[in-house]
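The structure appears below as structure tokens.
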Amino acid sequence: MQVGIVGLGRMGANLVRRLIRDGHRCVGYALSARTVQQMAGEGMVGATSLADLVAKLDRPRVVWLMLPAAAVQSTLDQLIPLLDPDDMVIDGGNSYYRDDIARARQLAEHRIHYLDCGTSGGVCGVWNAVTA
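For the sequence shown, the residue numbers in my numbering are 1485 to 1616.
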């Protein structure tokens, strides 16, 4: 599976590490080029912009946002024109559920799937996950 990750802070970077460790391919973007370069050194494909991230993903695309709640809407506003019907956006941050309901409706108008997936485990979740 291939996943695009937007936001490579502590939680996003560890999500990338875990996905790569489990055999998935990740394309990542962050505002800091240095952060992207560092994660590329760990096996992630780096992107220089949201458009570059989308271009590097196979269709249908999966884009996972690991952003502060305040940055999600502005990022979606930039991302939506780059995506196609049947692509998927996952919000892995701490967005307010009513905002997620509105965002799901917004993306549905473009036939883009939206999944609210609040994450837990903290920054050490990559190492301490429970497996079944």
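Just so you know, even glycine gets a beta-carbon here, dropped at the ideal spot from N, CA and C.
From what residue to what residue does the beta strand (DSSP E) around L1549 run?
Within the sequence shown, the letter at position 65 stands for residue 1549. L1549 -> beta strand (DSSP E) spans 1546-1549.
What is the DSSP secondary structure of R1595, counted as helix, strand or coil?
Along the sequence shown, one-based indexing puts residue 1595 at 111. Three-state DSSP puts R1595 in coil, outside helix and strand.
Buried or exposed for I1585, going by 16 or more other Cβ atoms inside 10 Å?
The residue you call residue 1585 lines up with position 101 of the sequence shown. Under this definition I1585 is an exposed residue.
Report, in whole angstroms, the separation of the C-beta atoms of M1495 and T1603, which I expect to be a contact under 8 Å.
If you number the sequence shown from 1, residue 1495 lands on position 11. If you number the sequence shown from 1, residue 1603 lands on position 119. With 8 Å as the limit, M1495 and T1603 qualify as a contact, their Cβ atoms being about 6 Å apart.
Could you tell me if N1578 is buried or exposed, where buried requires 16 or more neighbouring beta carbons within 10 angstroms of its beta carbon?
Counting from one through the sequence shown, the residue named residue 1578 turns up at place 94. Counting Cβ neighbours within 10 Å, N1578 comes out exposed, since fewer than 16 surround it.
I need the DSSP call for Y1580, collapsed to helix, strand or coil.
For the purposes of this step, residue 1580 is taken as the residue at position 96 of the sequence shown. Residue state, collapsed to three classes: coil.
So D1536 is in the alpha helix (DSSP H); what residue range does that whole segment cover?
Position 52 of the sequence shown, counted from the start, is the residue given in the question as residue 1536. 1534-1539 is the span of the alpha helix (DSSP H), which, as asked, contains D1536.
Which word fits L1537, buried or exposed, when buried means at least 16 other C-beta atoms lie within 10 angstroms of its C-beta?
As a first step, residue 1537 must be located in the sequence shown, where it is residue number 53. Answer is buried; the Cβ neighbour count reaches 16.
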